[in-house]
Amino acid sequence: MDQPLSSGFSQNRATQSTRVTRVTNNSSRSARSSAYDKGFQQHLIDYKIYPEGYEVGNGLPTIKPSNLDSIQEALRANRASLSPSQFTQEAFQDFKSKNTRIIFESDVMTTILPIICGDSRIHSQQNVLFTELEPITSTKAVKPKPDLFDGAFLEEINKDVRDDPALRPKIIPTKHHSLPVASNFFMEVKGPDGNASVAQRQACYDGAYGARAMHALQNHGKAQLEYDENAYAYSSTYHPATGTLQLYAHHVIGPADTGGRPGYHMTQLDTWGMTGNIDTFRHGATAFRNTRDLARRHRDHFIKAANCSQNVQQNDEDVQNAHDYLQQQIADTCDNNSGEDPETHDALQSLQTDDDTPNPSQASTILAPEDPALSFATSFASSSGNGPPVGTKRVRQLNSPNNSWGRSSSKSRTRIHINQLASKPSGTEDSPSTNRSPQL
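In the UniProt record's numbering, the protein residues as written are 1 to 440.
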């Protein structure tokens, strides 16, 4: 008799525990703000992410991007795929019929969006949670999960660039290497009964992440952040109940105060009733496809610039390392010889210019007979920076016991070299077989 009671009591406690756990988990989830909350728009505004039409203060209108006119012009470019011969009245009627039969949000993605997008080879993905991006507001907000987003292939960004700890959490949205990165075009859709305001808040949130990604790439390698107030990120919404397609641009402006947050502004580009008539559909689909192409040109440009800046920075470091190494070798030799022969010390010191930079051609004249590896370093320092850096292997060679340059030179040998230098006509190469890059 006691056993069933004990068993029932245990089961009751387990049930209560499960309920408590569920309530706790639900409370934890509900604590995170999302676009489905009416307060989410204010949350965005508190972090200086401003929706379309928001008046920043004192009745001032929303700040428009500086390149708005050029964006509008790009959106109007004709597309052959939407010409009367390619997109017919029958095709439009098919689009309307499919739109009428939409029941779920997923139906929009599978039947409506492919018609609006057309045949596109842009790298894109659908419905993926951005788990790896640094929060643009706070950890209390949900992470973005666009219905559609465009971006670059990971391998398009140099490894040194994408591994930059300041840049990576702004451009790499997930751990999946095959998914788009540096995303700057997003789309949010709803089912027929979905809330259009939610879609707009989601688009505002997505677009701010895209604007931040482009700004981070644009300023990669720069000592101070620059804000040109141009829009390089875009978003779109579609609602099948009204057949409404909307496009937005997103741009970032500098902080109002030192150390403050930058501002992210959302600007509506246009709205089209896609089920109204074929001409309106053509205009809307044309603008949509052109916007995706424009977003791709923006990110390709910034990725290329970031890759180039990284290469230039690396080359500059290699040249500087070679120069510093050569300077140290000359200084060490001067110190070693100064106690034995003041004449030799003065001759070596005279090879340096007023700013302590050695003349590469003169230095190599003395160094070439002693060590071809050091002559190579001189040639490297005078080149444009495309050659290989002077590595640790060269250092070991110069300091080896069998190398005459690694130890103090004898007086007679040094005098011979100095005398040879003094007797040579100006511009004469010490070793004709030594290839030397032209000096800058």
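The beta carbon of each residue, even a glycine, is placed where N, CA and C say it ideally should be.
All of these numbers come straight from a predicted model, not from anything done at the bench.
If the criterion is Cβ atoms closer than 8 Å, does the pair Met-266 and Tyr-248 meet it?
Taking the sequence shown and counting its residues from 1, one reaches residue 266 at position 266. Taking the sequence shown and counting its residues from 1, one reaches residue 248 at position 248. Yes, Cβ-Cβ distance for Met-266 and Tyr-248 is below 8 Å.
Which value, in whole angstroms, describes the spacing of the CA atoms of Thr-392 and Gly-151?
Position 392 of the sequence shown, counted from the first residue, corresponds to residue 392. Position 151 of the sequence shown, counted from the first residue, corresponds to residue 151. Its pLDDT being 44, under 50, Thr-392 is placed unreliably by the model, and the measurement read from it follows with that caveat. Answer to the nearest angstrom: the Cα atoms are 40 Å apart.
Does the beta-carbon distance from His-220 to Leu-167 come in below 8 Å?
For the purposes of this step, residue 220 is taken as residue 220 along the sequence shown, with counting starting at 1. For the purposes of this step, residue 167 is taken as residue 167 along the sequence shown, with counting starting at 1. For His-220 and Leu-167, yes; Cβs fall inside 8 Å.
Buried or exposed for Thr-286, please, with buried defined as at least 16 other CB atoms from any protein chain shown within 10 angstroms of its CB.
Taking the first residue of the sequence shown as 1, we reach residue 286 at position 286. Buried is the call here.
Rounded to a whole number of angstroms, what is the C-alpha to C-alpha distance between Phe-288 and Met-187?
The sequence position of residue 288 within the sequence shown is 288, counting from 1. The sequence position of residue 187 within the sequence shown is 187, counting from 1. Going by the C-alpha atoms only, they are around 10 Å apart.
Spell out the partners DSSP gives Gly-273 in its beta bridges.
Working through the sequence shown from its first residue, we reach residue 273 at position 273. Per DSSP, Thr-244.
Quick check: the Cα distance between Pro-242 and Thr-100, rounded to an integer number of angstroms?
On the sequence shown, position 242 is the one that residue 242 refers to. On the sequence shown, position 100 is the one that residue 100 refers to. At residue 242 the sequence reads Thr, which differs from the Pro that was named. One C-alpha to the other measures close to 10 Å.
What are the uninterrupted segments assigned as beta strand (DSSP E) that are 3 or more residues long and contained completely in the stretch 272–304, given in chain order?
Qualifying beta strand (DSSP E) stretches: none in this window.
Sort out for me which residues DSSP pairs Val-181 with in a bridge.
Taking the first residue of the sequence shown as 1, we reach residue 181 at position 181. Answer is Ala-152.
Grouping DSSP H, G and I as helix and E and B as strand, with all else coil, what is Ser-34?
In the sequence shown, residue 34 corresponds to position 34, counting from 1. If DSSP states are grouped into helix, strand and coil, Ser-34 belongs with coil.
Could you check where the alpha helix (DSSP H) with Tyr-209 kicks off and where it finishes?
Reading the sequence shown from its first residue, position 209 is the one you call residue 209. Residues 196–218.
Please go through the stretch 88–154 and give each complete alpha helix (DSSP H) segment of 4 or more residues, from N-terminal end onward.
Qualifying alpha helix (DSSP H) stretches, in chain order: 89–100 and 113–117.
So is His-177 buried or exposed if we call it buried at 16+ other beta carbons inside 10 Å?
Walking along the sequence shown from the start, residue 177 turns up at place 177. By the 10 Å Cβ count, His-177 comes out exposed.
In the DSSP assignment, find the beta strand (DSSP E) that holds Ala-233 and state where it starts and stops.
Here residue 233 is taken as the residue at index 233 of the sequence shown, counted from 1. Counting along the chain, the beta strand (DSSP E) containing Ala-233 begins and ends at 231–239.
With burial defined as no fewer than 16 other Cβ atoms inside 10 Å of the residue's Cβ, what is the status of residue 443: buried or exposed?
Here the chain has residues from 1 to 440 only, and residue 443 is not among them.
Between Tyr-209, Leu-129, Ser-97 and Phe-92, which has its C-alpha nearest Leu-44's C-alpha?
For the purposes of this step, residue 44 is taken as the residue at position 44 of the sequence shown. Answer by Cα proximity: Tyr-209.
With a CB to CB cut of under 7 Å and the five nearest residues on each side skipped, what residues in its chain are close to Gln-268?
Taking the sequence shown and counting its residues from 1, one reaches residue 268 at position 268. Glu-52, Gln-246 and Tyr-248.
One question on the structure: do Glu-156 and Ile-63 come within less than 8 Å of each other, judged by their Cβ atoms?
Position 156 of the sequence shown, counting from 1, holds the residue named residue 156. Position 63 of the sequence shown, counting from 1, holds the residue named residue 63. No.
Can you name the start and end residues of the alpha helix (DSSP H) that Ile-45 belongs to?
Residue mapping note: residue 45 aligns to position 45 of the sequence shown, counting from 1. Looking at the DSSP string, the run of the alpha helix (DSSP H) that includes Ile-45 is 40–46.
Excluding the 5 residues preceding and the 5 following Gln-89 in the sequence, name in chain order all residues of the same chain whose CB lies nearer than 7 Å to its CB.
Along the sequence shown, one-based indexing puts residue 89 at 89. Ile-278, listed in sequence order.
Could you spell out where the alpha helix (DSSP H) holding Ser-70 opens and where it closes?
For the purposes of this step, residue 70 is taken as residue 70 along the sequence shown, with counting starting at 1. Residues 68–75.
Is Thr-291 buried or exposed, if buried means 16 or more other CB atoms sit within 10 Å of its CB?
Translated into the one-based positions of the sequence shown, residue 291 becomes position 291. Buried, since its Cβ has 16 or more Cβ neighbours within 10 Å.
What I want to know is whether the C-beta of His-251 ends up closer than 7 Å to one or more non-hydrogen atoms of the ligand ZN.
With respect to the ligand ZN, the structure offers nothing, as it holds no ligand at all.
Please tell me whether Ala-306 and Leu-217 are closer than 8 Å, where the distance is taken between their beta carbons.
Taking the first residue of the sequence shown as position 1, residue 306 is located at position 306. Taking the first residue of the sequence shown as position 1, residue 217 is located at position 217. Yes, the pair counts as a contact, with Cβ atoms nearer than the cut-off.
Name the DSSP bridge partner or partners of Thr-258?
Position 258 of the sequence shown, counted from the first residue, corresponds to residue 258. DSSP lists no partner for Thr-258.
Below 8 Å, can you find three or more Cβ-Cβ pairs linking the stretch 199–215 to the stretch 250–261?
Enough Cβ pairs lie closer than 8 Å, so yes.
Taking the alpha-carbon of Gly-194 as reference, which of Ala-141, Ser-106 and Tyr-264 has the nearest alpha-carbon?
Reading the sequence shown from its first residue, position 194 is the one you call residue 194. Of Ala-141, Ser-106 and Tyr-264, the residue nearest in Cα terms is Ser-106.
Are the Cβ atoms of Lys-140 and Phe-130 separated by less than 8 Å?
Translated into positions along the sequence shown, residue 140 becomes position 140. Translated into positions along the sequence shown, residue 130 becomes position 130. In this structure, Phe-130 does not lie closer than 8 Å to Lys-140 by Cβ.
Which term fits Tyr-36, buried or exposed, when burial requires 16 or more other beta carbons within 10 angstroms of its beta carbon?
For this step, residue 36 is matched to residue 36 along the sequence shown. With fewer than 16 Cβ atoms within 10 Å of its Cβ, Tyr-36 is classed as exposed.
Buried or exposed for Leu-148, please, with buried defined as at least 16 other CB atoms from any protein chain shown within 10 angstroms of its CB.
The residue you call residue 148 lines up with position 148 of the sequence shown. Buried, because 16 or more other Cβ atoms sit within 10 Å of the Cβ of Leu-148.
Have a look at Gly-276 and Gly-284 and give me their C-alpha separation to the nearest angstrom.
Here residue 276 corresponds to residue number 276 of the sequence shown, with the count starting at 1. Here residue 284 corresponds to residue number 284 of the sequence shown, with the count starting at 1. One C-alpha to the other measures close to 11 Å.
For a quick check, are the C-beta atoms of Val-189 and Val-56 less than 8 Å apart?
Along the sequence shown, one-based indexing puts residue 189 at 189. Along the sequence shown, one-based indexing puts residue 56 at 56. Contact flag unset, no.
Ala-231 and Asn-67 look like a contact to me (Cβ under 8 Å); what is the Cβ gap, rounded to whole Å?
The sequence position of residue 231 within the sequence shown is 231, counting from 1. The sequence position of residue 67 within the sequence shown is 67, counting from 1. Contact flag correct, Cβ pair sits at about 6 Å.
Just the Cα atoms here: how many angstroms apart are Arg-201 and Gln-327?
In the sequence shown, residue 201 corresponds to position 201, counting from 1. In the sequence shown, residue 327 corresponds to position 327, counting from 1. Spanning the two alpha carbons is a distance of roughly 60 Å.
Can you name, in chain order, every residue of its own chain whose Cβ lies under 6 Å from the Cβ of Ile-171, other than the five neighbours on each side?
On the sequence shown, position 171 is the one that residue 171 refers to. Once the five neighbours on either side are set aside, the close Cβ partners of Ile-171 are Val-181, Ala-182 and Ala-213.
Measure the beta-carbon distance from His-298 to Asn-184 and round it to whole angstroms, keeping in mind my assumption that it falls under 8 Å.
Translated into positions along the sequence shown, residue 298 becomes position 298. Translated into positions along the sequence shown, residue 184 becomes position 184. His-298 to Asn-184, Cβ: 6 Å. Contact.
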